[in-house]
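If you're matching positions, the sequence shown starts at 61 in my numbering and goes up one per residue. For glycine and all other residues, C-beta sits at the position ideal for the given N, C-alpha and C. Some notes on the structure that comes next.
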Amino acid sequence: MIALLHPRSTKPKNRRFPLSVLSLAAVLEGREEYAIVDGNVDPDPGATLDGLMARSPIELLAVSVMPGPQMAATLPICRTFRTKHPSVPIVWGGYFPSLYPDTALNAGYVDFAVRGQGEDTLLQLIDGLRGERDLTGIQGLSYKDASGAHQHNPARPLRSPDDFPELPHHRLDAAKYILPTFLGSRTAVHQASVGCPYRCNFCGVITAYGSRQKMESPARTERALRGLQREHGIDAVQFYDNNFFLREDHAREQADRLIPLGLRWWTEARIDIVLRYSNDTLRRIQKAGATMIFFGAESGSDWVLEEMNKELKAEQTLELAARLREYNIVPEFSFVVGNPRDPERDVAENIEFVRKIKRINTDAEIILQHYTPTPQREGMYGGIDDRVQFPETPEEWATERWLNFTVRTEPNVPWLAAPTKRRIDDFETVVSSRWPTVQDFHMPRWGRWLLQGLSSWRYRLGVYGLPRELHWAQRLVNLRKPRFESL
């Protein structure tokens, strides 16, 4: 048996279909006996793995590992499993081993690390463990040789989702994953592409996949969502793509196929791409159910965007904010604030830029993140390679200091002084109170009135410091803020 482990990564109210292990399950379906163990649903994944082992010996434990909380949840499960079942090999796949393959292999209980797209690599690894092929020829695989040295095989070329079987949703209890959101009462998730063709040098996607993106056909997207609607009555969907839109002809066909389904949806896209689309295409996207689109604006300063290799101008963000207002699509703009070269200037310019966006489109949602670096294939943005020493073991990544770094709450980076960080956080507190996100569908109307009333004078006068009353009010109404933990 092949055991596919998806360690806990979120709170129960936020859990969705574990697309990473479902993609692996799709290629195992009909070929191997396998089981999915999802820590977001299972309160004791380790005990479940022990039970599987007792019924049918596990041949390989394959673990999906994202940086942050999921990586931390992975460690005790894998350590205990190795102690109890030392002969069973363990392979990590996902963003953490793709970004940090040597760090993953430094764990004594990790035998293999899969970098990038994992479906073909997993199948070939299974064959290799059975002596049917040489491990050295498996692209995208990192492992320890007989001497314990780390070996990294060449990267695996990216393949289209159309090349793989459709996801076996029937292997999971859908009722535990299709949950209410601001989009609808029965929200599912889907990913229609993999990778990204751009080379933004602060993002880890390029490290995992290179500057490439493969999209599934609109017909396949429609077929998958129609199946979820027929079998489980979904009325909304969140698309987990790095870029849901690329070619306009593809976007138009996609929209036309989604229109009859009547779904409301959220997705992610590039500002410049959507800005190029015709009015007719945007009308079709609106009619297809687009409710909110996440855009990585990243900065309101052209000098920062140029350093990021974003291939974008700040003026384009303002133009898109105005244009989407006409189509009743909410733009969600994310900013990476605290440029290592001049963090104080960067914070000041981004605060003013956010105010410009709000003057143009008050419905636009704002996410402010502290800038934290991600390993790149060609160095790191901002020239900070020698200013941050990354952990060399998963255990160190799981400490409070590095978990805070990963989720950007308390990054503790040398270029972001405490007063500058406080200014970012205080401004974010004022903005999120003045315009509470529509994604917080649980908030009572009085809670919105309270937050808006307390914050309006601060925003109007530009007084952001020490917003203690807003912290109190946010706790009182249990404000939920949108977060996009981009890589």
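*asked:* What does the Cβ neighbour count give for His230, buried or exposed, with the cut at 16 atoms within 10 Å?
replied: Taking the first residue of the sequence shown as position 1, residue 230 is located at position 170. A residue is called buried when at least 16 other Cβ atoms come within 10 angstroms of its Cβ; His230 does not meet this threshold and is exposed.
*So is Leu165 buried or exposed if we call it buried at 16+ other beta carbons inside 10 Å?*
Position 105 of the sequence shown, counting from 1, holds the residue named residue 165. Burial is judged here by how many other beta carbons sit within 10 angstroms of a residue's own beta carbon; Leu165 has at least 16 and is buried.
_Sequence ranges, alpha helix (DSSP H) only - wholly within the segment 90 to 153, length at least 4_ = Qualifying alpha helix (DSSP H) stretches, in chain order: 105 to 115 and 129 to 144.
*Alpha carbon to alpha carbon, how far is Ile345 from Thr181?*
The residue you call residue 345 lines up with position 285 of the sequence shown. The residue you call residue 181 lines up with position 121 of the sequence shown. About 36 Å.
_Using only CA atoms, which one of Ile266, Tyr237, Lys541 and Glu488 lies nearest to Leu159?_
Residue mapping note: residue 159 aligns to position 99 of the sequence shown, counting from 1. For the options Ile266, Tyr237, Lys541 and Glu488, the alpha carbon positioned closest to that of Leu159 is the one of Ile266.
*Taking C-alpha atoms, which residue in Ala311, Val170, Arg91 and Asn472 lies nearest to Val125?*
As a working mapping, residue 125 is identified with position 65 in the sequence shown. Of all alpha-carbon atoms in Ala311, Val170, Arg91 and Asn472, the one lying nearest the alpha-carbon of Val125 is that of Val170.
_Spatial neighbours of Arg142 within its chain, please: C-beta separation below 6 Å, excluding the five flanking residues on both sides._
As a first step, residue 142 is located in the sequence shown; it is residue number 82 there, counting from the start. When the five nearest sequence neighbours on each side are left out, the beta carbons in the same chain lying within less than 6 Å of the beta carbon of Arg142 are those of Tyr169, in order along the chain.
*Apart from the five residues just before and just after Val407, which ones in its own chain have a Cβ nearer than 7 Å to its Cβ?*
Here residue 407 corresponds to residue number 347 of the sequence shown, with the count starting at 1. Same-chain partners within the cutoff: Val397, Gly398, Thr480, Arg483 and Ile484.
*Compute the Euclidean distance between the alpha carbons of Gln429 and His531, then round it to the nearest angstrom.*
As a first step, residue 429 is located in the sequence shown; it is residue number 369 there, counting from the start. As a first step, residue 531 is located in the sequence shown; it is residue number 471 there, counting from the start. Near 18 Å, if we compare the C-alpha coordinates of His531 and Gln429.
_Tell me whether the segment 454 to 463 and the segment 373 to 384 touch, counting them as touching only if at least three CB pairs, one residue from each stretch, are closer than 8 Å._
In the pairwise beta carbon analysis, the segment 454 to 463 is classified as not touching the segment 373 to 384: fewer than three pairs are separated by under 8 Å.
*Straight-line CA distance for Leu64 to Glu379?*
Locating residue 64 in the sequence shown gives position 4, counting from the first residue. Locating residue 379 in the sequence shown gives position 319, counting from the first residue. In this structure, the straight-line span from the alpha carbon of Leu64 to that of Glu379 is close to 45 Å.
*Close beta carbons around Met352, own chain, < 6 Å, minus the five adjacent residues each side*: As a first step, residue 352 is located in the sequence shown; it is residue number 292 there, counting from the start. Cβ neighbours of Met352 within its own chain (closer than 6 Å, five residues either side excluded): Trp326, Val390 and Glu392.
_Here's the rule: buried if 16 or more other CB atoms are within 10 angstroms of the residue's CB, otherwise exposed. What is His502?_
What you label residue 502 is simply residue 442 of the sequence shown in a count that begins at 1. Per the 10 Å Cβ criterion, exposed.
_Helix, strand or coil for Phe355? Go by DSSP, reduced to three states._
Walking along the sequence shown from the start, residue 355 turns up at place 295. The answer is strand: DSSP assigns Phe355 an E or B state.
*Expressed to the nearest angstrom, what Euclidean distance is found between the alpha-carbon atoms of Phe544 and Lys347?*
As a working mapping, residue 544 is identified with position 484 in the sequence shown. As a working mapping, residue 347 is identified with position 287 in the sequence shown. Note that Phe544 scores 48 on pLDDT, short of 50, meaning its location in the model is unreliable and no value can be drawn from it.
*For Asp222, which residues from the same chain have a beta carbon less than 7 Å from its beta carbon, with the 5 sequence-adjacent residues on both sides left out?*
The residue you call residue 222 lines up with position 162 of the sequence shown. In chain order, Glu276, Ser277 and Arg280 place their CB closer than 7 Å to the CB of Asp222, counting only its own chain and leaving out the 5 sequence neighbours on each side.
*Nearest-angstrom Cα separation, counted from Gly287 out to Pro78*: For the purposes of this step, residue 78 is identified with residue 18 of the sequence shown, where counting begins at 1. For the purposes of this step, residue 287 is identified with residue 227 of the sequence shown, where counting begins at 1. Answer to the nearest angstrom: the Cα atoms are 17 Å apart.
_Could you check whether Leu323 and Ala296 sit closer than 7 Å to each other, using their CB atoms as the reference points?_
Position 236 of the sequence shown, counted from the first residue, corresponds to residue 296. Position 263 of the sequence shown, counted from the first residue, corresponds to residue 323. When the beta-carbon positions are compared, Ala296 and Leu323 come within less than 7 Å of each other.
*asked:* Quick check on this structure: which residue in Gln273, Leu342, Thr247 and Glu313 has the alpha carbon closest to the alpha carbon of Phe299?
replied: As a first step, residue 299 is located in the sequence shown; it is residue number 239 there, counting from the start. Ranking Gln273, Leu342, Thr247 and Glu313 by Cα distance to Phe299 puts Thr247 first.
*Does the separation of the CB atoms of Gln273 and Cys256 fall below 7 Å?*
Walking along the sequence shown from the start, residue 273 turns up at place 213. Walking along the sequence shown from the start, residue 256 turns up at place 196. In contact: Gln273 and Cys256 (Cβ atoms closer than 7 Å).
*Should the segment 413 to 425 be regarded as contacting the segment 115 to 135, the criterion being three or more beta carbon pairs within less than 8 Å?*
No contact exists between the segment 413 to 425 and the segment 115 to 135.
*Measure the beta-carbon distance from Ser69 to Glu179 and round it to whole angstroms, keeping in mind my assumption that it falls under 8 Å.*
Taking the first residue of the sequence shown as position 1, residue 69 is located at position 9. Taking the first residue of the sequence shown as position 1, residue 179 is located at position 119. Contact between Ser69 and Glu179 does not hold, since the beta-carbon distance rounds to 20 Å and is not under 8 Å.
*Residues in its own chain within less than 7 Å of Leu547 by CB, not counting five upstream and five downstream?*
Within the sequence shown, numbered from 1, the residue matching residue 547 stands at position 487. At Leu547, the pLDDT of 35 sits below 50, so the modelled position is not reliable and the matter cannot be decided from this model.
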